[in-house]
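Worksheet for the structure shown next.
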Amino acid sequence: MPLEIVLKEITKEHAVTFNYESTLLKNIKVKLLPKEWSLTVKLDNLSIQTDLVFNKISETVITISQPSILCGYLYDRTSEQPLLGVTIQGRASYTTSDQNGYFELKRPNRSDFISFSFMGLQTIKRAVNSFSTKECETIYMTEQLEVMSPLIVQGYLVRGIDKRADWTTSIDYNKFSLLPGLIESDVLQTVQALPSITSVDETVSNINIRGGSNDQNLILWDGIKMYQTGHFFGLISSFNPHMTQQSTVINNGTDVSLTDGVSGTIHMQTDQEVDNTFSGVVGVNFLNAEVFSNIPTSEKSSLQIASRKSLNDLWSTPTYTAYFDRVTQYTEAQNNSAEVTNSDQGFNFNDASLRWLYELSDKDVIRLNFITINNDLTFNESAFFNGVSQTRQSSASQNSIAAALNYKREWNEDFTSAFTITESNYKLQAINANVLSNQRFLQENRVSETNFKLENILHSNLWKFKMGYDFTELEVINLNDIDLPRFVRRDEEVLREHATYGQAWYSNTNQNFSIRAGMRVNYISKFQKVLLEPRLSIRKSLNENIELEAMGEFKHQNSSQIVNFQNDFLGIEKRRWQLTDNDSVPILQSKQASIAVMFKKKGWLIDAKGFYKKVDGITTQSQSFTTKYEFERTQGSYDVYGVELLLRKQFKNISSWLSYSYLNNIYRFQGLEEDQFPSNFDITHSFTLGSTYSEGFWDLSAGLNYRTGTPTSIPLLGNEVVDGNINFDQANNQRLQAYLRIDASAMYKYRINDRFKSEIGISMWNILNRQNEVSHFYRLNSNNEPTQFTRYSLGITSNLVFRLYF
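Residue numbers are given in our numbering: position 177 of the sequence shown equals residue 170, and the series is strictly consecutive.
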């Protein structure tokens, strides 16, 4: 229909008047609009159809005009250099600045706001009507300053990974470029690029920080402790990368507000500010489909939602098949007894998360978080029994659901209070249906944690003080249920802990010296036990090029993961959480100290650290023994010392790095035959070499990972079997073959129009298709001889992703 006729209908329906030049609408036709649409929706639709600007200047008057162009030049205030790649975002349009800092934005509504955002610089928001209509303005952007926590190093490895003055490594995924082998902003894969953070079996659910086991890591999602971290039972992170805007990695000198995690902390955070711009992402790769959206619900409120779902219901891609085969190696899901046939194997995963922010006032903010994670594996076991085929289904599932409510009050510029309550629930369940014996074995592991925290922060000139109270109630349930013969064992344990903490942080005027010291006092009511945990961090800049750092901490944790038998939970996820009883399962306690020196100049960065850590209260069940001492039950400790070295060089568009770590990790178990021997996580030497190129629309990255093999035990040559059991040589006196992996990835980004942009990426994992050993185990064969079984990492695996941003 002619646009003029449509406008007459809108005039009647909504009692408005349109003002425009008489020749403007000549020969313009549009599709009819549903009458039930609101006036705003109709105008937006007409604007898209006609490329005209509809501007509501009053409740009853709307002007129509040709699209205008907002233009300008963006410069860095400090260097006075033009800024390439600044994101300029309006309500219905989007662009980026070129190498001269120049930008053009089409059709901005005079009542809209335009935002300018760039890595490390303060985001600017300006009303459209504040810009000149006669000329292109020059706009200066200034450095993003954070109270007591500026950046020491920007682009620690690549763009988006920074070193902060609060002694943490920060990963900002809004600025993140690319790492080798990754096309997703997978938090738990990204952190493994840092020195001394690795995974001995190449899974994100088994990350080892400075020689510790995975259960010694504190994994937080917006303050919620997560007991499940992976999909595919550990091969990819279970946290939607679009929802996680920033992650913080802490190896030592932990803030007193945090407990648990005697080896380290990984804290993932969603966006902490209300975003009034509607935006979203839809994407698909060879493993899952994904969706994310930021929805402004009012001027003071915004909602973020995200979800992912595996694709195998539609298509089992080669990538999916490779991941599935990797997870099920030497498990009942893949290798059953000779008389039993497996069929109809199916695996699905999904996750969903939500974050809602509401500004009650200029001083009060409420944040609500919710997340759910699901992994489900099923397969049928079939066998002939008395000449008749019988089939029963076995399954394994791993599920989490968690939520948090946070209220923050800024009393004045210097004093802030925050109240947080979180609930985290985890469930691991397996049903092992033995078709030959007509038996069903049910196993469950449940964890429920409730946490309440009240915290106050006071700024006073060059000082920052933090005081708080923390209460945690942790419940763990373990269930074993056999139907024939009938056997049920259910163990339920509850532990409550109170903690108070205080901390002072001083930073001088020149920001070249800072010291943070604090004390956390913990009381475990069940054992009437008090634990004192001092924390200390010191940083000193000798000049603009050299930084010195010293840190130390005491920490503890009350839960750990154990393995009763390698075939528990069908062998898929055999680790179960348990609580300390302060006796056979001690409280884990750690002491750690480190010193570091950092040199930076003209794009060069050298960061060297030396550390020592001692952890008491470990058990053999929690240390992933698969050979000697696999079935032992005793407690002990480990101490580890090491060196971490990072060498990085930044060119104009290229960031290249070489990282190296050395570890000496020793177990001490007085109840075993050998009271001292190398840890199962003793990766003596580890190298990472990588390079990332980022320019405009392209991100390219390639790298190499090499590390010495992990320790293992082998049967004693010439006397392999004694009394029907495998007789092992000295514990961990051999090593698996060295681990070597070369990866590459590429991402191309392009803008479709003012409203939509997209990206397509490809990755290659283990390009050399090297068979990297991740573990050994032995079983006696029919001739009463030990047979070795080896689990391997992923072979050459490719992935492809396409995303659409709007």
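Note that the Cβ used here is the ideal one computed from N, Cα and C, for glycine as well.
Here the structure is a predicted model, which is why all the values come from computation and not from measurement.
contact_flag[the region 526 to 537, the region 245 to 261] where n(CB pairs < 8 Å) is 3 or more: yes
Going by Cα to Cα distance, which pick from Ile719, Glu546, Glu713, Gln571 is closest to Val255? Here the question's residue 255 lines up with position 262 in the sequence shown. Residue Glu546 is the option with its Cα nearest to Val255.
For Leu435 and Ser552, I'd like the C-alpha separation in whole angstroms. Against the sequence shown, residue 435 aligns to sequence position 442. Against the sequence shown, residue 552 aligns to sequence position 559. Answer to the nearest angstrom: the Cα atoms are 23 Å apart.
Would you mind sorting His235 into buried or exposed? The rule is 16 or more other CB atoms within 10 Å of its CB. As a position in the sequence shown, residue 235 is number 242, starting the count at 1. Answer is buried; the Cβ neighbour count reaches 16.
Identify whether Asp463 lies in helix, strand or coil by the three-state DSSP scheme. The residue labelled residue 463 in the question sits at position 470 within the sequence shown. Strand at Asp463.
What's the C-alpha gap between Phe363 and Leu251? Sequence index remark: in the sequence shown, residue 363 carries index 370 (1-based). Sequence index remark: in the sequence shown, residue 251 carries index 258 (1-based). Phe363 and Leu251: Cα-Cα distance of roughly 21 Å.
Work out the CA separation of Asn473 and Asn341 for me, nearest whole Å. Start at 1 with the first residue of the sequence shown, and residue 341 comes out as number 348. Start at 1 with the first residue of the sequence shown, and residue 473 comes out as number 480. Going by the C-alpha atoms only, they are around 25 Å apart.
Excluding the 5 residues flanking Gly339 on each side, which residues of the same chain have their C-beta closer than 6 Å to its C-beta? Against the sequence shown, residue 339 aligns to sequence position 346. These residues qualify, in order along the chain: Thr371.
Going by DSSP, what residue range makes up the alpha helix (DSSP H) through Asp37? Counting from one through the sequence shown, the residue named residue 37 turns up at place 44. 32 to 43 is the span of the alpha helix (DSSP H), which, as asked, contains Asp37.
Tell me whether Val715 is buried or exposed, calling it buried when 16 or more other Cβ atoms sit within 10 Å of its Cβ. By 1-based counting over the sequence shown, the position of residue 715 is 722. Counting Cβ neighbours within 10 Å, Val715 comes out exposed, since fewer than 16 surround it.
Any beta strand (DSSP E) of 3 or more consecutive residues that is wholly inside the region 719 to 767: 732 to 744, 750 to 758
With Asp165 as the anchor, note down where its beta strand (DSSP E) starts and where it stops. Within the sequence shown, residue 165 is the residue found at index 172, counting from 1. 162 to 165 is the span of the beta strand (DSSP E), which, as asked, contains Asp165.
Proximity of Gly754 and Pro173 at Cβ, strictly below 8 Å: Within the sequence shown, residue 754 is the residue found at index 761, counting from 1. Within the sequence shown, residue 173 is the residue found at index 180, counting from 1. Against a cut-off of 8 Å, the Cβ pair of Pro173 and Gly754 comes out as no contact.
Cα-Cα separation, Val140 to Ser500: On the sequence shown, residue 140 is found 147 positions in, with the first residue counted as 1. On the sequence shown, residue 500 is found 507 positions in, with the first residue counted as 1. Because the pLDDT at Val140 is just 41, under 50, the model does not fix this residue reliably, and the point stays unresolved.
Considering Cα atoms alone, identify which of Asp407, Asn444, Thr409, Asn399 is closest to Ser417. Position 424 of the sequence shown, counting from 1, holds the residue named residue 417. Closest option to Ser417, Cα to Cα, is Asn444.
To which residues does DSSP link Gly545 through a beta bridge? Residue numbering aside, residue 545 sits at position 552 when the sequence shown is read from its first letter. In the DSSP output, where bridge partners are listed per residue, Gly545 has Leu529, Ala586.
Which word fits Gln764, buried or exposed, when buried means at least 16 other C-beta atoms lie within 10 angstroms of its C-beta? Sequence index remark: in the sequence shown, residue 764 carries index 771 (1-based). By the 10 Å Cβ count, Gln764 comes out exposed.
Integer Cβ distance of Ala731 from Gly702, believed to fall under 8 Å: Counting from 1 along the sequence shown, the entry for residue 731 is found at position 738. Counting from 1 along the sequence shown, the entry for residue 702 is found at position 709. Their Cβ separation, rounded to whole angstroms, is 5 Å, which keeps Ala731 and Gly702 in contact under 8 Å.
What residue ranges within the region 184 to 238 form continuous beta strand (DSSP E) runs of no fewer than 3 residues, ordered along the chain? List check, beta strand (DSSP E) in window: 190 to 192, 200 to 202, 210 to 214.
What residue from Ser652, Asn431, Val320 has the CA that sits closest to Ala389's CA? Translated into the one-based positions of the sequence shown, residue 389 becomes position 396. Answer by Cα proximity: Val320.
So who's on the other strand from Asp609, going by DSSP bridges? Indexing the sequence shown from 1 puts residue 609 at position 616. In the DSSP assignment, Asp609 forms a beta bridge with Gln582, Ser630.
Using the rule of at least 16 other Cβ atoms within 10 Å of the residue's Cβ for burial, across every protein chain shown, is Pro27 buried or exposed? Within the sequence shown, residue 27 is the residue found at index 34, counting from 1. So Pro27 ends up on the exposed side.
Inter-residue spacing [alpha-carbon to alpha-carbon] between Arg744 and Lys750: In the sequence shown, counting from the first residue as 1, residue 744 sits at position 751. In the sequence shown, counting from the first residue as 1, residue 750 sits at position 757. Near 4 Å, if we compare the C-alpha coordinates of Lys750 and Arg744.
Mind checking which residues open and close the beta strand (DSSP E) that includes Arg70? Translated into the one-based positions of the sequence shown, residue 70 becomes position 77. Run containing Arg70: none; DSSP gives neither H nor E here.
Can you tell me where the alpha helix (DSSP H) with Arg319 in it begins and where it stops? To locate residue 319, count along the sequence shown from 1; it is residue 326. 311 to 320 is the span of the alpha helix (DSSP H), which, as asked, contains Arg319.
Report the rounded CA-to-CA distance for Lys49 versus Lys19, giving the unit in angstroms. The count along the sequence shown starts at 1 and reaches residue 49 at position 56. The count along the sequence shown starts at 1 and reaches residue 19 at position 26. If I take the Cα positions, the gap works out to 21 Å.
Taking DSSP's pairing of strands, which residues face Glu416 in a bridge? In the sequence shown, the residue the question calls residue 416 occupies position 423. Ala396, Thr443.
In the DSSP output, which residue or residues are listed as bridge partners for Val514? Locating residue 514 in the sequence shown gives position 521, where the first residue counts as 1. Its beta-bridge partners are Thr493, Leu525.
Out of curiosity, what's the CA-to-CA distance linking Glu2 and Pro60? Residue numbering aside, residue 2 sits at position 9 when the sequence shown is read from its first letter. Residue numbering aside, residue 60 sits at position 67 when the sequence shown is read from its first letter. Cα-Cα distance, rounded: 23 Å.
Is the Cβ-Cβ distance between Lys302 and Asn287 less than 8 Å? For this step, residue 302 is matched to residue 309 along the sequence shown. For this step, residue 287 is matched to residue 294 along the sequence shown. Contact: no.
Report buried or exposed for Ile517, applying the criterion of at least 16 other Cβ atoms within 10 angstroms of its Cβ. Walking along the sequence shown from the start, residue 517 turns up at place 524. With 16 or more other Cβ atoms within 10 Å, it is buried.
Can you tell me where the alpha helix (DSSP H) with Glu374 in it begins and where it stops? Translated into positions along the sequence shown, residue 374 becomes position 381. Careful: Glu374 lies outside any alpha helix (DSSP H), inside the beta strand (DSSP E) at 357 to 378.
So the beta strand (DSSP E) Val121 belongs to, where does it begin and stop? Start at 1 with the first residue of the sequence shown, and residue 121 comes out as number 128. Premise fails: Val121 is in no beta strand (DSSP E) and is neither H nor E.
Here's the rule I'm using: 16 or more other beta-carbon atoms within 10 Å means buried, otherwise exposed. How should Asp561 be labelled? Along the sequence shown, read from residue 1 onward, the residue named residue 561 stands at position 568. Buried, since its Cβ has 16 or more Cβ neighbours within 10 Å.
Report the rounded CA-to-CA distance for Tyr631 versus Glu332, giving the unit in angstroms. Locating residue 631 in the sequence shown gives position 638, counting from the first residue. Locating residue 332 in the sequence shown gives position 339, counting from the first residue. Near 44 Å, if we compare the C-alpha coordinates of Glu332 and Tyr631.
What is the DSSP secondary structure of Glu130, counted as helix, strand or coil? Here residue 130 corresponds to residue number 137 of the sequence shown, with the count starting at 1. The answer is strand: DSSP assigns Glu130 an E or B state.
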